[in-house]
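What follows is one structure encoded as structure tokens, with my remarks underneath.
Residue numbers (mature numbering (1 follows the signal peptide of the UniProt record, and there is no 0)): -20 to -1, 1 to 617.
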């Protein structure tokens, strides 16, 4: 075992690295299948800034960005429209047809309602509001904002120290309402979402996702736990005599993501994406968690499951008969609620039962990548089925495209957008099939329908299992009805099956390739007795790579994005034909062919005429000298 360690170290020194955190290991299904350079449109800033807050309007193709130099960009040409702001913008929300913007305003928070811009002119200020409790005094403090039917639901500290952080309704047509002080312990708010009920609007609720200090201080307990809470949209607070301007419907429950049978949980909620459905029961919550052992997980919940906990669980610390109406119930007049009902909300807002994910025994996806942001898109495939695709941002400027297929994730690809800064914000344009990504130094838009990477053949397109792409008479293109896909399992037999059926005429072009074209080989003349290596590119990190030489097969040695075959010393048995073959699912293809023939040596120098393959021969000479030295040193120790 020690010998292997030293061998790996030698590889790392002289081939840069065997395995890098930037390059997946071969054969791991928890790694991206493909690595693609970040080819995207971008606007670069002259000065790095904090761009964690922005608002994207799909219809107008406009992007509003927080920053000291730029407030508004056009998504097509990124022209700067607004002048420099004097305060730091903390909230940018769509407010019906207007924009609701708040800022620190020199530690005196203020908010403005802006009318829509006309022909790239500046927005006019229609109204302004006192911003305490809506915007933090310091832009680095945690805050949250959501606009619902002309009302602003926010969470922001009331002082410069960042204390008194709670969820409120303020600056709208409804009564201002806030929380009771003892309900939360040092919360960090992550997201809030309004779930509509078209058939029952009076029972609509706002869901709040956050993490807070764990009341369990045991040695094995994580100091933080994650929560989901809810309030009724119609909640106007209590009567003048009791609980006036306080939420009468606030309830909270623990949000669980992990392995319950092993009591192993991901307790630190990082980001939320709510995928709304016409039927509110089907609305899904995709939650991104981290753990104390530096792993991340994605758990998926349904609003229906969350509601069942709030409607049926007992109340923690409350042993008496549950009063009627049940605490947390939405009513038309919250000010007339019985005191007994409101008292339970006041003193016992936490549910005994926990909210488990759809895959209750385990997270949907667990990874060693440090993900920080998540959005989820619905994609209609060529078969007219709808697939969910997760877009996950890493802390190293990468985007992972992950297919949700049944209970198993499939990591389609990785796109590197930035090498120098982490992703601060990410928003989805589901209509245009793009994501807008904010960095400290730039704003980038990534086209989710770029299918050229899979364009070598029908098999390559099908193996990708990318719902955005299908094989047609034009190659691998954005999905259209009748295109060839196999999202379910990626088997390429559909290519030959559809050829026979000539489905929808998608296989009629003369240039099309069902399978990858044959390749010609490379000839090297190599003297006997020298070390040598062969290399072929890694295309799919989910494939198995094999070097074939006569009747012999050898596994490849991964070196970054290449698959190597090492020959310590060329002998008669090492000459001949070599093929590098990749096998994935039901499809195999030859990536590289080599023919090694023996070069006759001259008396004066073994290497005098050996110049055909100088580049691959010099590094292996150094490598083998150091490798043999390391192994000998370990044996002698």
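Think of the CB as a built atom: it goes at the ideal place given N, C-alpha and C, for glycine as much as any other residue.
- Pairing residue 241 with residue 263, the inter-Cα distance amounts to about 27 Å.
- In this structure residue 341 is exposed. Its beta-carbon is surrounded by fewer than 16 other beta-carbon atoms within 10 angstroms.
- With the rule of 3 Cβ pairs closer than 8 Å, the segment 318 to 326 does not count as touching the segment 345 to 363.
- Here the alpha carbons of residue 72 and residue 183 stand approximately 27 Å from one another.
- Annotation: residue 393 to residue 115 spans about 38 Å, alpha carbon to alpha carbon.
- The DSSP-derived three-state label of residue 203 is coil.
- The segment 452 to 459 makes contact with the segment 421 to 439, as at least three CB pairs between them are under 8 Å.
- Counting along the chain, residue 192 sits inside the beta strand (DSSP E) bounded by residues 185 to 193.
- When secondary structure is reduced to three states using DSSP, residue 445 falls in the coil class, being assigned neither helix nor strand.
- Put simply, the segment 243 to 257 does not touch the segment 328 to 341. Fewer than three CB pairs are less than 8 Å apart.
- Residues of the same chain with a CB within less than 7 Å of the CB of residue 215, apart from the 5 flanking positions on each side, are 157, 227, 228, 229, 314 in chain order.
- Less than 8 Å divides the Cβ of residue 11 from the Cβ of residue 521.
- DSSP, read as helix, strand or coil, puts residue 210 in strand.
- Cβ contact annotation for residue 169 (same chain, cutoff 8 Å, sequence separation greater than five): 122, 123, 124, 135, 145, 147, 188, 189, 190, in chain order.
- When DSSP states are grouped into helix, strand and coil, residue 319 belongs to the helix group.
- Secondary structure note for residue 577: its beta strand (DSSP E) is the uninterrupted segment 567 to 579.
- Residue burial is scored here from C-beta neighbours: residue 270 has at least 16 other C-beta atoms within 10 angstroms and is therefore classed as buried.
- One Cα belongs to residue 562, the other to residue 399, and the distance between them is close to 29 Å.
- Under the three-state reduction of DSSP, residue 303 is assigned to coil, being neither helix nor strand.
- The continuous beta strand (DSSP E) containing residue 269 extends over residues 264 to 270.
- The three-state reading of DSSP puts residue 287 in helix, counting H, G and I together.
- Inter-residue distance for residue 569 and residue 231 is about 57 Å (C-alpha atoms, whole angstroms).
- Counting the other Cβ atoms within 10 Å of the Cβ of residue 308 gives 16 or more, which makes it buried.
- Counting other Cβ atoms within 10 Å of its Cβ, residue 461 stays below 16 and is therefore classed as exposed.
- Taking residue 35 as the centre and dropping the five residues before and after it, the same chain places the C-beta of 44, 72 closer than 6 Å to its C-beta, in chain order.
- Contact annotation: the segment 463 to 476 does not touch the segment 371 to 378, with fewer than three C-beta pairs closer than 8 Å.
- By the 16-neighbour rule on beta-carbons within 10 angstroms, residue 276 is buried.
- No alpha helix (DSSP H) of 4 residues or more sits fully in the segment 345 to 424.
- Note: residue 79 is bridge-paired with 74, 94 in the DSSP secondary-structure output.
- In the DSSP assignment, residue 534 is bridged to 527.
- The segment 349 to 356 and the segment 394 to 413 touch, with no fewer than 3 CB-CB distances between them shorter than 8 Å.
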